[in-house]
Amino acid sequence: MDFDTKKLFRAAERGRYAIGQFNASTADQIRAIMRVAIELRTPVIIGTSEGECKFIGARQAVKLCEAYEEAGISVILNADHTYKDVKEIKNLDTIRALLDAGYNSIHFDGSVLSFEENVKWTKQVVAMCKEKDPGISVEGELGFLPGVSQISKEKVEIKPEYLTDPAQALAFVEATGIDRLAVSVGNSHGISFQEDRLDIERIAAIKKAIGGRAVLVLHGGSGIPSDQIQAAITQGVRKININTELRVAFHDALTATLIGSGETTPYKFLPPAMDAVASVVEGKIKLFGSGGAAL
Ligand SMILES: [Zn+2]
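Sequential numbering of the sequence shown, starting at -15, is according to our numbering.
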């Protein structure tokens, strides 16, 4: 996966669309996502959280994504929320291993750290990635995002102090040299009891502050109403992460297929689950507007 991801995001900026990050932890899910990406001719980002990466295998995830290069589709493989537990950051061995495995994108989430500590560690991650290959894309995060990637029956509270401050966002981008900035703008991880309400004005203010210095990223895209996603893209969001909706689609279709069927052949019971994932991905890519943008 030897290409400059900057080029993909520059094209997204020109075309005013967002590139989707779809998380996966099995080969079936990656195949379902890629089937849609090829059909709609769009660049795509496959995301693996630490748990997802551990399950599928870093080298295996890289090889699965590389297999799609011959289809002429640019696949960014992003290590999502590396160091979920920041207490584990003693050195950056995990990131080094991911780079060695062939990941071409790293998201380092230091958002629970103080601003200074977040800058310090993010800067080191950027230096390590760029030394490996200047084409590797690095995402940093500023502002806190509550919730986990599942359906939550409880109300997820987004406190005002969680939200990303536009002036601080610019300072963070300039101090760290990141390619992409994930922000807290009313979004949360997972699908919560109440719908997220994006702070569109804040998105516009952050975009105005950081300009073309970094790509604006929206995490927790699952469960956000389409009109708000569209407004966020209009104001400059160029990467949107989707995980929970894919997990739910896969789980529900698989459950419905297996219960009472007695089917034991994986290539017979997996396709409906893959179709369900593909259908969610198709809806998102159409909403994000990246179809036909393959490079
Ligand atoms: Zn996230």
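Even for Gly, the Cβ is constructed at its ideal location relative to N, Cα and C. Computed from a prediction, not measured in an experiment: that's the story for all the values here.
Measuring from the CB of leucine 48, is there a heavy atom of ligand 1 at a distance below 7 Å? Start at 1 with the first residue of the sequence shown, and residue 48 comes out as number 64. Flag unset: Cβ of leucine 48 not near ligand 1.
Threonine 148 and valine 110 - do their beta-carbons sit closer together than 8 Å? For this step, residue 110 is matched to residue 126 along the sequence shown. For this step, residue 148 is matched to residue 164 along the sequence shown. Not closer than 8 Å, so no.
For serine 33, which residues from the same chain have a beta carbon less than 6 Å from its beta carbon, with the 5 sequence-adjacent residues on both sides left out? Within the sequence shown, numbered from 1, the residue matching residue 33 stands at position 49. Here serine 33 has Asp64, His65 as same chain residues with Cβ atoms under 6 Å from its own Cβ, once five neighbours each way along the sequence are excluded.
Looking at the secondary structure, which residues open and close the alpha helix (DSSP H) in which histidine 203 lies? As a position in the sequence shown, residue 203 is number 219, starting the count at 1. Per DSSP, histidine 203 belongs to no alpha helix (DSSP H) and is neither H nor E.
Measuring from the CB of asparagine 225, is there a heavy atom of ligand 1 at a distance below 7 Å? Counting from 1 along the sequence shown, the entry for residue 225 is found at position 241. Yes, Cβ of asparagine 225 sits closer than 7 Å to a heavy atom of ligand 1.
Nearer than 7 Å: is that true of the beta carbon of glycine 4 relative to any heavy atom of ligand 1? Along the sequence shown, one-based indexing puts residue 4 at 20. No, ligand 1 has no heavy atom inside 7 Å of this Cβ.
Cβ of leucine 126 within 7 Å of any heavy atom in ligand 1? Locating residue 126 in the sequence shown gives position 142, counting from the first residue. No - ligand 1 has no heavy atom lying nearer than 7 Å to the Cβ of leucine 126.
Determine, using beta carbons only, whether alanine 193 and leucine 154 come nearer to each other than 8 Å. Residue numbering aside, residue 193 sits at position 209 when the sequence shown is read from its first letter. Residue numbering aside, residue 154 sits at position 170 when the sequence shown is read from its first letter. Contact flag set, yes.
Serine 263: first and last residue of the uninterrupted alpha helix (DSSP H) it sits in: Mapped onto the sequence shown, residue 263 falls at position 279. Looking at the DSSP string, the run of the alpha helix (DSSP H) that includes serine 263 is 255 to 272.
Which runs of the alpha helix (DSSP H) at least 4 residues long sit entirely within the segment 10 to 61? Give them in chain order. 11 to 24, 34 to 40, 42 to 50
Under 8 Å between the Cβ atoms of isoleucine 224 and leucine 242? For the purposes of this step, residue 224 is taken as residue 240 along the sequence shown, with counting starting at 1. For the purposes of this step, residue 242 is taken as residue 258 along the sequence shown, with counting starting at 1. The answer is no: Cβ separation not under 8 Å.
What does the Cβ neighbour count give for tyrosine 251, buried or exposed, with the cut at 16 atoms within 10 Å? Translated into positions along the sequence shown, residue 251 becomes position 267. Tyrosine 251 is exposed by the Cβ-count criterion.
Classification of histidine 235 by the beta-carbon crowding that lies within 10 angstroms, buried from 16 upward: Along the sequence shown, one-based indexing puts residue 235 at 251. With fewer than 16 other Cβ atoms within 10 Å, it is exposed.
Pull up the distance between the alpha-carbon of asparagine 88 and that of serine 136, whole angstroms please. Looking up residue 88 in the sequence shown gives position 104. Looking up residue 136 in the sequence shown gives position 152. Answer to the nearest angstrom: the Cα atoms are 32 Å apart.
Alpha-carbon spacing of phenylalanine 298 relative to threonine 78, whole angstroms: This structure does not reach residue 298, given that the chain is present from -15 up to 279, and the question cannot be answered.
Histidine 235 Cβ short of 7 Å to ligand 1 heavy atom set: Start at 1 with the first residue of the sequence shown, and residue 235 comes out as number 251. No, the Cβ of histidine 235 stays beyond 7 Å of every heavy atom of ligand 1.
Whose C-alpha, out of Ala11, Gly273, Thr228, is nearest the C-alpha of glycine 41? Here the question's residue 41 lines up with position 57 in the sequence shown. Among Ala11, Gly273, Thr228, the Cα nearest to that of glycine 41 is on Ala11.
Please go through the same chain and pick out, in chain order, the residues whose beta-carbon is closer than 6 Å to the beta-carbon of valine 264, but skip the five residues on each side of it. The residue given as residue 264 occupies position 280 in the sequence shown. Its chain contains Glu229, Leu230, Ala233 as the residues whose beta carbon lies nearer than 6 Å to that of valine 264, once the 5 sequence neighbours on both sides are disregarded; these appear in chain order.
How many Å lie between aspartate 199 and glutamate 125 at the Cα? As a working note, residue 199 is residue 215 in the sequence shown. As a working note, residue 125 is residue 141 in the sequence shown. Sequence check: residue 199 is valine here, not aspartate. The straight-line gap from Cα to Cα measures roughly 12 Å.
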